[in-house]
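This note's numbering puts the first residue of the sequence shown at 5, with every later residue one more than the last.
Working notes, structure below.
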Amino acid sequence: MKKTLLICLTLLVAYTAQAQTADSVKWERKGSLGFTFANVGLSNWAGGGESSVSLGTIFNAAAIKKATHSTWKNQIDFALGGAKLGDRDFRKTDDAIILLSQYKRKINEKFGYSVSSILRTQLLEGSNYVADPLNAGEQIAEKISNFMAPGYLSVNLGMEYSSGDILTVSFSPAAGKFTFVMDDELSAVGAYGVDPGDKVRAEFGANMLTTLNLKIMENISFQSNLNFFTAYDSFGNVDTNWETLLVMKVNKWFNATFGTQLIYDDDILIKGEDGNVSREIQFKHVLNLGVNFKLFSTGN
């Protein structure tokens with residue numbers, strides 16, 4: 005029954021996204037590409053330390069169809085970064101792919117309904133590095149993730165409140181969460197909450213998303229996305245994903261961004277240094293300094 009409801013919800017999102025009425029009047033398209041680079045070189049440095057090189061890239065693109073009473077937004081966000089410290093090989097430091105499609109229709113100036121789907125995954129294999137018991141000072145890489153392992157697909161249908169372009173709150177009593185583990189090795193051990201040997205886990209529940217957009221100064225903006233999901237068959241176990249992004253533009257080409265992400269998922273077990281696994285709060289922050297190119301920005 006649960007899988008049937010999730011399939012119906014997915015089909016409803018696809019149908020609604022296509023159900024654009026004749027009042028559609030304008031498409032907006034925008035895209036940007038950024039690069040970051042950092043290098044530290046040390047030679048006979050009395051203070052100690054290791055030479056390092058880090059590289060990163062960020063790509064964002066969106067196509068938004070605006071109508072008198074509705075909006076249809078399609079967006080892709082991609083980030084990939086790596087660093088080399090001393091004689092070690094390059095290691096991944098950032099890796100994210102986010103695809104979003106959202107249709108919103110107004111009831112009045114503040115309230116409306118929306119249907120959305122969000123896919124989150126990564127591009128490259130991810131590893132956890134542990135001490136090599138046979139070689140002192142060396143490390144062994146243990147695979148813990150890969151492309152679509154995990155992959156998360158969220159499908160939501162519900163009501164939305166918005167206060168201009170600053171605050172948006174969406175509540176979806178009909179929400180589906182699909183967890184994909186398409187890597188055979190990770191699937192076999194039941195990584196990310198799937199049953200061992202399975203590659204997909206489907207959950208049906210309620211979802212709440214709060215989005216905040218603030219323009220702090222002329223060249224400084226802040227964005228926060230706070231998402232809660234609880235499945236009805238384990239109601240009260242709340243999965244949390246909180247992302248923030250601070251953007252500081254120096255000029256047309258150069259900018260700095262500082263982003264954070266906090267995740268708590270009851271189905272994800274983290275392996276500690278002692279080898280034991282437990283449920284933990286995941287947190288990361290990424291500071292990028294570099295150049296940013298506007299690829300396109302059009303409206304008609």
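Think of the CB as a built atom: it goes at the ideal place given N, C-alpha and C, for glycine as much as any other residue.
| Asked | Found |
| --- | --- |
| Start-to-end residues for the alpha helix (DSSP H) that takes in SER47 | Taken as a continuous stretch (DSSP letters only), SER47 belongs to no alpha helix (DSSP H), as it is neither H nor E. |
| C-alpha distance - LEU273 paired with GLU284, whole-angstrom precision | 7 Å |
| Pairwise C-alpha distance: ALA83 and ASN150 | 15 Å |
| Same chain, Cβ closer than 6 Å to VAL242, neighbours up to 5 away in sequence not counted | PHE232, THR234 |
| Beta-bridge partners of ASN139, as assigned by DSSP | Partner(s): none; ASN139 has no beta bridge. |
| Simplified DSSP assignment, three categories, for ASP237 | helix |
| Supposed close pair GLN227, LEU249 - CB separation, criterion 8 Å | 5 Å |
| The region 172-181 touching the region 195-204, judged by at least three CB pairs closer than 8 Å | no |
| Best match in TRP49, VAL204, GLY60 for proximity to LEU293 [C-alpha to C-alpha] | GLY60 |
| Cβ neighbours of ASP27 in the same chain (closer than 6 Å, five flanking residues each side left out) | Low confidence applies here, because ASP27 scores a pLDDT of 49, under 50, leaving its location unreliable; read the following figure in that light. Correct list, in chain order: ALA71, THR72. |
| LEU128 versus GLU113: straight-line alpha-carbon distance, rounded | 43 Å |
| Distance between beta carbons of SER131 and LYS332, contact taken as under 8 Å | Absent from the model: residue 332. The displayed extent of the chain is 5 to 304, so no value can be given. |
| Other residues of its chain near LYS275: CB distance less than 6 Å, five sequence neighbours each side excluded | VAL281 |
| Proximity winner among LEU161, VAL295, SER174, relative to THR215 (alpha-carbon distances) | SER174 |
| Beta-carbon gap between ALA153 and VAL185 smaller than 8 Å | yes |
| For ASP188, the first and last residue of its enclosing alpha helix (DSSP H) | 188-192 |
| According to DSSP, residues forming a beta bridge with GLN227 | ASN217, LEU249 |
| ILE267: first and last residue of the uninterrupted beta strand (DSSP E) it sits in | 258-268 |
| Proximity below 8 Å, CB of TYR156 to CB of PHE115 | no |
| 8 Å Cβ cutoff met for ILE122 and SER158 | yes |
| Three-state secondary structure (DSSP) of ASP27 | Any reading at ASP27 needs caution, since the residue's pLDDT is 49, under 50, leaving its predicted position unreliable; the model's value is listed next. Three-state result, ASP27: coil. |
| Between the CA atoms of GLY141 and ASN255 - distance to the nearest angstrom | 44 Å |
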